[in-house]
Amino acid sequence: MILCSCPRSLSAALLQFLSIFALLLPLVTPLYFHIGETERKCFIEEIPDETVVVVYYKVELFDPRSGGFVPSSPGIGMHVEVLNPEAKVILSRVYSSEGKIPFTSHDPGEHAICLYSNSTAWIGGSQLRVHLNIKAGEQTMDYANVQQKDKLSQLQLRMTQLLKQVEQITKEQNYQRYREERFRATSESTNNSVFRWSLAQLTILVVMGFWQMKHLKSFFEAKKLV
């Protein structure tokens, strides 16, 4: 934990910078995982709106003879689904054992990238190893290809890179504001719900107290104690 006795304005600016930096980190996510015959693996990525995302993957099949993983046969691939923040499917199709999957986010928020095998009859029920690399935003740019295609000088290429980076940072800042607005709306809704529930409890207590007093008065009058 990092403690800071900085002024509030500086602390807020530092917090915003760290939040944007934390969002930029997962834009490149290289990893691998093992998946069974009927398993479904999903990965959640927080992505700003109108951002290009490219999922690179490679499937390997376990070889019991060598005790390791080898490239899978062409018939074994991956079924990939991408869900937007409203859990609506924006991409669903079967891909081969190796390749890349591009898509564009149209809504800001958490996108789910789900993968499962397109085969249900593996030899001996072997596991698959899936190498996964998720890139988003400026990280998806192939600058070598851009330089060659547009015949850019090194200076022009560097300017293009900087412009793309500024564009990505702007999107991240807008996404941070979007998250803050959602958090504020949720907090206000929660506070209103707590206030209404507290008011309802107070009303119930007052009504119960009034009823008990009336009941006791009737009881004492019936017993001629008052």
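Each residue of the sequence shown is one higher than the one before, counting from 215 in our numbering.
Virtual Cβ for every residue (Gly too), placed ideally from N, Cα, C.
Just so we're clear, the structure is a prediction, and the values are computed from it rather than from any experiment.
Assign isoleucine 348 to buried or exposed, taking buried as 16 or more other Cβ atoms, counted over all protein chains shown, within 10 Å of its Cβ. Stepping through the sequence shown from its first residue, residue 348 is reached at position 134. When all chains shown are included, isoleucine 348 counts as buried.
Look at the Cβ atom of serine 306, then the Cβ atom of histidine 293, and state whether they are nearer than 9 Å. What you label residue 306 is simply residue 92 of the sequence shown in a count that begins at 1. What you label residue 293 is simply residue 79 of the sequence shown in a count that begins at 1. Yes, these two residues count as a Cβ contact at 9 Å.
Could you give the DSSP three-state label for threonine 252: helix, strand or coil? Residue 252 sits at position 38 when you count from the first residue of the sequence shown. DSSP places threonine 252 in coil when its eight states are reduced to three.
Identity of the residue in His248, His320, Gly291 nearest glycine 351 by Cα: Walking along the sequence shown from the start, residue 351 turns up at place 137. Comparing Cα-Cα distances from glycine 351 to each of His248, His320, Gly291, the minimum goes to His320.
What span of residues does the alpha helix (DSSP H) with glutamate 394 cover, start to end? For this step, residue 394 is matched to residue 180 along the sequence shown. 368-436 is the span of the alpha helix (DSSP H), which, as asked, contains glutamate 394.
Report the CB separation of glycine 303 from glutamate 295 in whole angstroms; it is logged as a contact under 8 Å. For the purposes of this step, residue 303 is taken as residue 89 along the sequence shown, with counting starting at 1. For the purposes of this step, residue 295 is taken as residue 81 along the sequence shown, with counting starting at 1. As written in the sequence, residue 303 is valine, which differs from the glycine given in the question. Their Cβ separation, rounded to whole angstroms, is 6 Å, which keeps valine 303 and glutamate 295 in contact under 8 Å.
Need the endpoints of the beta strand (DSSP E) that lysine 272 sits in, please. Against the sequence shown, residue 272 aligns to sequence position 58. Note, lysine 272: beta strand (DSSP E), 265-277.
Which residues does DSSP pair with methionine 292 in a beta bridge? Numbered from 1 along the sequence shown, position 78 holds the residue referred to as residue 292. For methionine 292, which the question treats as bridged, DSSP gives the partners Tyr309, Ser331.
Inspect the CB distances between the region 246-263 and the region 353-369 and report whether three or more fall short of 8 Å. Output reads no: the region 353-369 does not touch the region 246-263.
First through last residue of the alpha helix (DSSP H) which encompasses asparagine 359: What you label residue 359 is simply residue 145 of the sequence shown in a count that begins at 1. Where asparagine 359 is concerned, the enclosing alpha helix (DSSP H) stretches over 357-364.
Given arginine 222, which residues of its chain have a CB within under 7 Å of its CB, disregarding the five upstream and five downstream residues? Locating residue 222 in the sequence shown gives position 8, where the first residue counts as 1. Any reading at arginine 222 needs caution, since the residue's pLDDT is 46, under 50, leaving its predicted position unreliable; the model's value is listed next. Excluding sequence neighbours, arginine 222 sits near nothing in its chain.
Backbone CA spacing between tyrosine 389 and threonine 417 [nearest angstrom]: The residue given as residue 389 occupies position 175 in the sequence shown. The residue given as residue 417 occupies position 203 in the sequence shown. Using only the alpha carbons, I get a separation of about 42 Å.
Where serine 407 and serine 287 are concerned, what is the direct C-alpha to C-alpha distance, given to the nearest angstrom? Against the sequence shown, residue 407 aligns to sequence position 193. Against the sequence shown, residue 287 aligns to sequence position 73. Rounded to the nearest angstrom, the two C-alpha atoms are 56 Å apart.
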